[in-house]
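>
In my numbering, the protein residues as written are 5 to 207.
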């Protein structure tokens, strides 16, 4: 059996051990305003959480010469990605916790990115489920996990959750410890310590 397939199957087993215990509340930004699809947002670590540093960025990792990997900036003063969330299908137009969303990077995407949408793929460097953009074309030879994101409340703010299609279980989005030579922390799926954040609306 190919090593990548073994890791992918292990990841699926890892997901199925996580229960679905979610509540439903309207998602709000740092000012208490509702978070709505189509508006522009930055995210920053939630006050009081264990997460430090800044917002998100795209970076080149591994052997790739295209910045498709989602990472957290080490500094809050650095330029941060702006994102927009879309609710697929028919909806009320309000983002609640548990609402399925498509997350899009709306800063000028790199020319090598076939899609601005967030995705989850098997990172061959870390053997973990990493987050990026670029569509399957941007991650040749890597396993792409089909699924959906949504938002849940955490102790100090919010967290992103990813659910694989066809499975009644999900995983939080967290951060990897910084790797040698990388200026930031990669986003990945975790069941230990989620990345807790707050939304800040931008123009």
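No residue lacks a Cβ here, since even glycine has one placed at the ideal position from N, Cα and C.
Keep in mind the model is a prediction, meaning the values are calculated, not measured.
For residue 2, which residues in the same chain have their Cβ closer than 8 angstroms to its Cβ, ignoring the five residues on either side in sequence?
Because residue 2 is not part of the residues shown, which for the chain are 5 to 207, the question remains open.
> Roughly how many whole angstroms lie between the Cα atoms of residue 127 and residue 44?
28 angstroms
> Which residue spans inside the segment 102-187 form an unbroken alpha helix (DSSP H) run of at least 4?
none
> Take residue 197 and list the residues in its own chain whose beta-carbon comes closer than 6 angstroms to its own, dropping the five residues that flank it on each side.
178
> DSSP three-state label for residue 61, please.
strand
> So, helix, strand or coil for residue 204, using DSSP?
It is a strand residue.
> On the CB-based measure, 16 or more other CB atoms within 10 Å of its CB, does residue 2 come out buried or exposed?
Outside the modelled stretch of the chain, which goes from 5 to 207, sits residue 2, for which no answer is possible.
> Can the beta-carbon of residue 122 be found less than 8 angstroms from the beta-carbon of residue 100?
no
> Throw me the rounded Cβ distance for the residue 114 and residue 62 pair, which I believe falls under 8 angstroms.
Their Cβ separation, rounded to whole angstroms, is 7 angstroms, which keeps residue 114 and residue 62 in contact under 8 angstroms.
> With 16 other CB atoms within 10 Å as the buried threshold, where does residue 96 fall?
exposed
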